[in-house]
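See below for the structure under consideration.
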Amino acid sequence: MGRIRTFLDSKIVKTDVGEETYLNWRETISYALGRGAQGMCTGMTSSKYVNFFITNVLFRNIENGMGIASKIRLFCGIFDAVNDPVMGVIVDKTRTKNGQMRPYVKWAPFAVALVMVLFFIGSSNAPAWFNILYTTILFVGLDVTYTAFDIPMGALAFSITPNGVERTKLFGVSSVVRAVVGAVPMVFVAGASLLPYFKDHTAQSYLVSACVSAVGIILLTRITYNNTKERVPHREDTPSVKECFMLLFKNQPLFMLFLGNLAFVLCKIPEQVSAYFVSDLMFNRKYNIFIDISKFPGSLLAALLVPMIIEFLGRKQLGNKKVDPRRLYRLCCVAAIFVHLLFSVVVYNGLMKKGADISVSVLTGVMIVLFTGLSVIPMEFKNLIQKEMEAETVDYVEYKTGKRVEGIMLAIMSFTGKIENTFSASIGLSVLERTGYIEHAEGSVAQNEATRWALFIMTTIVPAIGYLLMLIPMHFYRITGEKHHEMMEELSKRRAAIAEEDSVEASVQETV
Numbered sequence: 000m001g002r003i004r005t006f007l008d009s010k011i012v013k014t015d016v017g018e019e020t021y022l023n024w025r026e027t028i029s030y031a032l033g034r035g036a037q038g039m040c041t042g043m044t045s046s047k048y049v050n051f052f053i054t055n056v057l058f059r060n061i062e063n064g065m066g067i068a069s070k071i072r073l074f075c076g077i078f079d080a081v082n083d084p085v086m087g088v089i090v091d092k093t094r095t096k097n098g099q100m101r102p103y104v105k106w107a108p109f110a111v112a113l114v115m116v117l118f119f120i121g122s123s124n125a126p127a128w129f130n131i132l133y134t135t136i137l138f139v140g141l142d143v144t145y146t147a148f149d150i151p152m153g154a155l156a157f158s159i160t161p162n163g164v165e166r167t168k169l170f171g172v173s174s175v176v177r178a179v180v181g182a183v184p185m186v187f188v189a190g191a192s193l194l195p196y197f198k199d200h201t202a203q204s205y206l207v208s209a210c211v212s213a214v215g216i217i218l219l220t221r222i223t224y225n226n227t228k229e230r231v232p233h234r235e236d237t238p239s240v241k242e243c244f245m246l247l248f249k250n251q252p253l254f255m256l257f258l259g260n261l262a263f264v265l266c267k268i269p270e271q272v273s274a275y276f277v278s279d280l281m282f283n284r285k286y287n288i289f290i291d292i293s294k295f296p297g298s299l300l301a302a303l304l305v306p307m308i309i310e311f312l313g314r315k316q317l318g319n320k321k322v323d324p325r326r327l328y329r330l331c332c333v334a335a336i337f338v339h340l341l342f343s344v345v346v347y348n349g350l351m352k353k354g355a356d357i358s359v360s361v362l363t364g365v366m367i368v369l370f371t372g373l374s375v376i377p378m379e380f381k382n383l384i385q386k387e388m389e390a391e392t393v394d395y396v397e398y399k400t401g402k403r404v405e406g407i408m409l410a411i412m413s414f415t416g417k418i419e420n421t422f423s424a425s426i427g428l429s430v431l432e433r434t435g436y437i438e439h440a441e442g443s444v445a446q447n448e449a450t451r452w453a454l455f456i457m458t459t460i461v462p463a464i465g466y467l468l469m470l471i472p473m474h475f476y477r478i479t480g481e482k483h484h485e486m487m488e489e490l491s492k493r494r495a496a497i498a499e500e501d502s503v504e505a506s507v508q509e510t511v
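Here numbering that gives the first Met the number 0 is used: position 43 in the sequence shown is 42, and no number is missing along the way.
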């Protein structure tokens, strides 16, 4: 126990990186567990499985169920995205003895857990109008409750340390924990087809997984709340939502990230149609679990290597120029393009030249699992690098306005993330509807040629186009090198002055 306690109390960054360090392993792991709770929630409500649950379980007896589901995902997703800035303002205006973000991390998960369980109680035996209304209302409920948890949880990472190297390492550890913990509900649903009871009871497998996830979300976030601390000082005045959105267009680096995220919509489509791809193009649902597991190594590699690269270059360029994340970002995009194009070439014959009602060969199945895992590696590297770039834009706002607004700025980035999920899901479902996809709850169904081609192209070619488009805005990202170093030095001086001012004010109040 002594060794464990010593490890938990030790710093996560032990070398001199030119800035003060704050985080120990206890706080880092505690924050990461909260991110794991987020993963459990999104694994149940935002992944490929929720699409399959709606279209092939709840709406399978509804005429044009796929089209209705596409519209629900679209309009509820737009509401969810617009809802983010509102929550960002609320967070930035919150002032409590427990901080700005931590109170929401403490209480919002209870509402998330409740609504999530209610969502998966739905049954296809209910009247069509009831299922449509019930699904829409519960989707809105999921959006509101998750936003109340997601925005403060994400903004907390910007507040518990102002050190860029620490933040990158924090994001790395968090991404591993989120990948592992968040995979639990998805792996259970995917693996249910291997179990005697759940093999023919798909709806029940979702409900059991939702209940387990609900308990996990509540327990893990309590650990986050109890062991984290907000450190970056905040002034009482904060910019309005309008001011921050105007800054989105004035702040070129932030706007470039925004445009990159819009292009990333195309890269998210394969995940949204993956369950259909496995069930009705590979024609073997058992591959779901292998595909889900294949994604973990990519998250692990990114979490381990990206912080090491950033820390190494931070030491190497100590006191000079910060590492240019833009170059790493662009390298990830190029690698992703290559992997997806090679993916399409390697599996084309095994998928498109077999019978529509025949399972893929073992060789083709292995190749699909392998390339799915490979495609995750550059994506996770890009996601983790972008986290630090997003944090830099928060620093940039403080540098330009003198005001610290983690909530609103995180909300802007979350807004684009919600747009990604919303439009990728809506596009995927809409394409399947237009090609005549046949809904079914259990097993696999032979689909027509147009649907099979749509699944193939959306999984291999479309994401390559998305990554290609992302390279364009990254050419104009400008928070790099000496400019970033000067900005952080100036912010450090300002924060020290604010701390001294607050200390003097507190002394005066004590004297009075």
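Where a beta carbon is used, it is the ideal one built from N, C-alpha and C, also for glycine.
Computed from a predicted structure; not experimentally measured.
Separation of Phe-295 and Val-179 (C-alpha to C-alpha, rounded to the nearest whole angstrom) is 7 Å. Around Ala-453, the same chain offers Val-430, Leu-431, Thr-434 as residues with beta carbons nearer than 7 Å, after the five sequence neighbours per side are excluded. Take the alpha-carbon of Gly-349 and the one of Tyr-286: they are about 15 Å apart. Distance from the CA atom of Tyr-275 to the CA atom of Phe-51, rounded to whole angstroms, is 7 Å. A distance of 8 Å or more separates the beta carbons of Val-56 and Ala-147.
The criterion of a C-beta distance shorter than 8 Å is satisfied by Ser-273 and Ile-290. Using a Cβ distance threshold of 8 Å, Val-114 and Thr-134 do not count as a contacting pair. For Ser-425, the CB contacts under 8 Å within the same chain, skipping 5 residues up- and downstream, are Ser-69, Lys-70, Arg-72, Leu-73, Gly-76 in chain order.
The secondary-structure analysis by DSSP pairs Lys-10 across a beta bridge with Asn-23. DSSP, read as helix, strand or coil, puts Gly-171 in helix. Your pair Gly-259 and Pro-472 checks out as a contact, with CB atoms roughly 5 Å apart and the cut at 8 Å.
Counting along the chain, the unbroken alpha helix (DSSP H) around Ile-67 starts and ends at 64 to 92. With distances taken between CA atoms, Val-365 lies nearest to Asn-283 out of Tyr-224, Lys-386, His-439, Asn-283.
Between the C-alpha atoms of His-200 and Ser-122 there is a straight-line separation of about 12 Å. Your pair Leu-327 and Ile-384 checks out as a contact, with CB atoms roughly 5 Å apart and the cut at 8 Å. For the set Val-333, Glu-387, Ser-343, Phe-78, the Cα lying nearest the Cα of Met-469 is the one of Val-333. C-alpha of Val-368 to C-alpha of Met-378: approximately 16 Å in a straight line. Of the other Cβ atoms in all chains shown, fewer than 16 fall within 10 Å of the Cβ of Phe-129; this residue is therefore exposed.
DSSP places His-474 in the coil class of the three-state scheme, outside both helix and strand. Inter-segment contact for the stretch 340 to 354 and the stretch 446 to 460 is present: three or more beta-carbon pairs are separated by less than 8 Å. A straight line joining the alpha-carbon of Leu-265 with that of Gln-271 spans about 10 Å. Annotation: the continuous alpha helix (DSSP H) that includes Leu-219 extends over 201 to 226. In the displayed model, Ile-136 falls within a helix according to three-state DSSP. For Thr-5, the closest of Val-12, Asn-23, His-439, Thr-14 by C-alpha to C-alpha distance is Asn-23. Going by DSSP, Val-396 is part of the alpha helix (DSSP H) stretching over 361 to 400. For His-339, the enclosing alpha helix (DSSP H) stretches over residues 324 to 351. When DSSP states are grouped into helix, strand and coil, Thr-450 belongs to the helix group. Contact between Pro-84 and Ile-411 holds: their C-beta atoms lie close to 7 Å from each other, under 8 Å.
In this model, Ile-67 and Ala-110 are separated by some 26 Å (Cα to Cα).
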